[in-house]
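Counting with the UniProt record's numbering, you get residues 1 to 253 for the letters of the sequence shown. All C-beta atoms, glycine included, are put in the ideal place defined by N, C-alpha and C. Contents: one structure, followed by commentary.
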Amino acid sequence: MNTDERAAIAPHATLSRADRVYYTLRDEIFDMHLLPGDRLTEGAIAERFAVSRTPAREALQRLQSDGLMQGYVRGGWEVVPIDNKRFDDLYEMRQMIETFAVRKLCDGEAPQAELHLLLDGLERIWKVGRAQRITDGRKLVELDEGLHHALVAAAGNHELTSAMQRVTDRIRVVRRLDLVHGDGIAETYDEHAAILDAIRHGDSARCVELVSRHIGGSQASVSGLTMQRLLAARTEPGRAAIAHAPARSRRTI
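What follows is the structure, given as structure tokens:
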């Protein structure tokens, strides 16, 4: 069990102060309570969580190592803004990982009994009629990530599985914006069902093609992410106001 899994099941009181700040802020980024470009200060975070600046800084530095926050002068921090080049690189990495994984699955390089049990469970989620499909974008993101991670993990390469988790954490914000405010739910169900069918039949070439197209479509949606869609998330009812940090100083050229 990794650190994140332990934190998920551990009583809140058992977390360190830095961990408590880290997991709360990370969840707020993932749930879009904190959005790309939002700024905050170590002082404001320390005051909010009733901790000193040291655990606040530790939590923010950890989020920075996750690729979710970036720091600048005077204790200011910013949720990493939308950067299409960065997301293009991450999607390219994701495609390499997933196509490698499904090729192994189709070629019989994974325990077949376990693979078919996995496919049975995934098909109960994704091969359903339209009336049974989940329309809550946030929940769908969780199920979507679950499918992709399960397939990569089933290929049996632990390093690739860890790399996939890091990529997922970095694209989750825009992926949620796409599914929560976009219109990709029907396509997600249909494409997942087709991928599962190809794995079930051991059709490696077809499966790689489907996975590549599926990830490419998601990437195109992210690349087309507009400021209007981001604004819609910012103005969503119930979103708490963000205490902004001072403006970043600009270096003269």
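Between the options, which lies nearest to residue i when the distance is taken from Cα to Cα?
i	options	result
K127	D66, A193, A163 and R62	A193
R94	A232, T235 and G217	G217
G146	L118, A186, Q219 and G156	L118
L63	S52, D83, E42 and R74	E42
E159	E187, I97 and I82	I97
I185	E109, E142, G121 and Y23	E142
D197	R176, P111, L122 and E58	L122
T54	S16, H201, V173 and D169	S16
D169	F30, G75, Q132 and Y22	F30
V173	E114, T135, R124 and R234	R234
G202	A131, L115, I82 and E236	L115
L177	I195, P81, S204 and R138	R138
L179	D83, T135, A44 and E109	T135
C106	A220, V167, R200 and P237	R200
K85	P237, Q219 and R124	Q219
P36	Q165, R130, P81 and G156	P81
Q112	G156, R124 and A131	G156
E109	R124, S204 and M32	S204
residue 256	L230, R175, M32 and D83	Outside the shown range of the chain, which is 1 to 253, sits residue 256, and nothing can be said about it.
In this structure, how does DSSP classify residue i when only helix, strand and coil are distinguished?
i	result
R133	coil
residue 303	Residue numbering for the chain in the displayed model covers 1 to 253; residue 303 lies beyond these limits and cannot be assessed.
P55	helix
T235	coil
N84	helix
K127	coil
S16	coil
D190	helix
L177	helix
M32	coil
H201	coil
A101	helix
A155	coil
G184	coil
A220	helix
A150	helix
A163	helix
A50	coil
D27	helix
D89	helix
D66	coil
Give the DSSP bridge partners of residue i, in chain order.
i	result
W77	L40 and G71
Give me, in chain order, the residues of the same chain whose beta-carbon lies closer than 6 Å to that of residue i; leave out the 5 immediate sequence neighbours on both sides.
i	result
W77	L40, L60, M69 and G71
L34	E28 and V79
R57	E42
V167	L90, M93 and R94
In its own chain, which residues sit with a C-beta less than 8 Å from the C-beta of residue i, not counting the 5 before and 5 after it?
i	result
E191	L210, R213, H214 and G217
I171	F87, L90, Y91, R94 and V222
R26	L63, D66 and L68
R133	I185, A186 and Y189
A163	M93 and I97
Answer with yes or no whether the minimum CB distance from residue i to chain C is below 7 Å.
i	result
Y22	In summary, chain C is missing from the structure at hand, where a single protein chain is found.
Excluding the five sequence neighbours on either side, which residues of its own chain have a C-beta within less than 7 Å of the C-beta of residue i, listed in chain order?
i	result
C207	V102, C106, I195, A198 and I199
I125	L143
P237	none
V21	I45, F49, V51, P55, A56 and A59
- Using 8 Å as the threshold, is the stretch 87-103 in touch with the stretch 136-151, meaning 3 or more CB pairs across them? yes
- Is there contact between the stretch 81-90 and the stretch 44-60, where contact requires at least three CB pairs shorter than 8 Å? no
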